[in-house]
Amino acid sequence: MTRPHLLFVYNADGGPLNALKDLWHKTVSPATYDCQLCAVTYGPLGMRREWRAFVRSLAADVTFLHRDELAAQHGVQGVPLPAAFVLDGTQVRPWLSAAAVREARTLDDLMSLVRASLPMTGPTLRPDGATRPT
């Protein structure tokens, strides 16, 4: 059996200027910052060590993308983020919804959610963000 490929997608755009803007926003006004995945997995100096070790321990390949990269690489846009998906060949399937990720208020909450949600099943996302059965 092949390893699943997980895509964690931030509700933020990629690039150094966006990273600085996001860091500033998280620091100055964390209550209004709109990426819970970023908020719990990153500190001021980068990805939290505990999260990095946890991700490496998963029996899965893991990729992190920004919302603009999800659209550019997989044609998926208009879906609520942050969220996590399973990449099955060229098909992107929803795995952890934005609502579920937003409820993970701490890193421990997020790691528990990921552990409890494996293995992944569900519909496939079309490039327009709609779902279709697998």
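Under full-length UniProt numbering, the first residue of the sequence shown carries the number 1, and numbering increases by one thereafter. Glycine included, C-beta positions come from ideal geometry on N, C-alpha and C. All of these numbers come straight from a predicted model, not from anything done at the bench.
Within 10 angstroms of the Cβ of residue i, are there 16 or more other Cβ atoms? Answer buried if so, exposed if not.
i, result
"Pro44", "exposed"
"Leu70", "buried"
"Pro16", "exposed"
"Thr90", "exposed"
"Arg56", "exposed"
Nearest by alpha-carbon distance to residue i: which of the options is it?
i, options, result
"Leu37", "Leu118, Ala116, Ala99 and Ser117", "Ala99"
"Arg48", "Leu65, Ala116 and Leu107", "Leu107"
Just the C-alpha distance for residue i and residue j, rounded to the nearest angstrom, thanks.
i, j, result
"Glu50", "Gly14", "23 Å"
"Val76", "Asp88", "14 Å"
"Leu58", "Ala12", "24 Å"
"residue 160", "Asp61", "The structure shown has nothing for residue 160, since the chain only spans 1 to 134."
"Asp109", "Leu81", "17 Å"
"Glu103", "Ser117", "14 Å"
"Val101", "Thr2", "25 Å"
"Arg52", "Arg115", "15 Å"
"Leu125", "Phe8", "Low confidence applies to Leu125: its pLDDT is 47, below 50, so where it sits in the model is not reliable enough to give any reading."
For my contact list, residue i and residue j are in at a C-beta cut-off of 8 Å; report their separation, rounded to the angstrom.
i, j, result
"His74", "Tyr10", "Between Tyr10 and His74 the Cβ distance is about 14 Å, and since that is not below 8 Å, they are no contact."
- Run through the region 30–78 for me and flag every whole alpha helix (DSSP H) of 4 or more residues, listed as ranges in chain order. 36–41, 49–57 and 67–74
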